[in-house]
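Read through the structure below, which is laid out as structure tokens, and then see the notes.
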């Protein structure tokens, strides 16, 4: 009986920890890791051109549309208080914590949609020339 009680308490403690991590954005990525480009922490090395930054704030992108050239890099900067998961076309950039930046490189001309799969109202579009 004592062993069964100890296992129950251990299970409850583990479940509590998992739920606590999920609530603060830690733990495993529930959406899969996907591909994506490397993460550049805030204040990283080379700063991108000012016009190639998409800011995430108040559960919205700004700007929601951007024209870039093939070969340009775009930085998604999370200035929000919550995590985001950006997908550009079919390329998943992964989970992005508050204060973190992710980059994407335009490799072909055309119109490419981007979105946050955690927050479906967050959408935008690139025009790549």
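Residue numbers (our numbering): 51 to 179.
Here a beta-carbon is modelled for each residue, glycine too, at the ideal position from N, C-alpha and C.
Host beta strand (DSSP E) of residue i (start-end)
i: residue 102; result: Segment: none, residue 102 is in no beta strand (DSSP E) and carries neither H nor E.
i: residue 169; result: Note, residue 169: premise wrong, no beta strand (DSSP E); not H, not E.
i: residue 115; result: 115-118
i: residue 121; result: Neither: residue 121 is in no beta strand (DSSP E) and is coded neither H nor E.
i: residue 151; result: 151-155
i: residue 142; result: 141-146
i: residue 109; result: Unbroken run through residue 109: none, as it is neither H nor E.
Proximity test, Cβ basis, 9 Å: residue i and chain C
i: residue 173; result: Annotation note: the requested chain C is absent from the structure, which comprises a single protein chain.
C-alpha distance - residue i paired with residue j, whole-angstrom precision
i: residue 176; j: residue 164; result: 8 Å
i: residue 156; j: residue 139; result: 11 Å
i: residue 118; j: residue 168; result: 25 Å
i: residue 132; j: residue 110; result: 11 Å
i: residue 130; j: residue 123; result: 21 Å
i: residue 75; j: residue 115; result: Residue confidence for residue 75 is low, a pLDDT of 44 falling below 50, so the modelled location carries little weight and cannot support an answer.
i: residue 149; j: residue 142; result: 19 Å
i: residue 178; j: residue 127; result: 20 Å
i: residue 135; j: residue 146; result: 6 Å
i: residue 171; j: residue 106; result: 12 Å
i: residue 137; j: residue 108; result: 18 Å
i: residue 154; j: residue 161; result: 14 Å
Under 9 Å between C-beta atoms of residue i and residue j
i: residue 125; j: residue 152; result: yes
Among the options, the one whose alpha carbon lies nearest that of residue i
i: residue 144; options: 160, 166, 162, 158; result: 166
i: residue 112; options: 137, 102, 120; result: 102
i: residue 159; options: 104, 120, 108; result: 120
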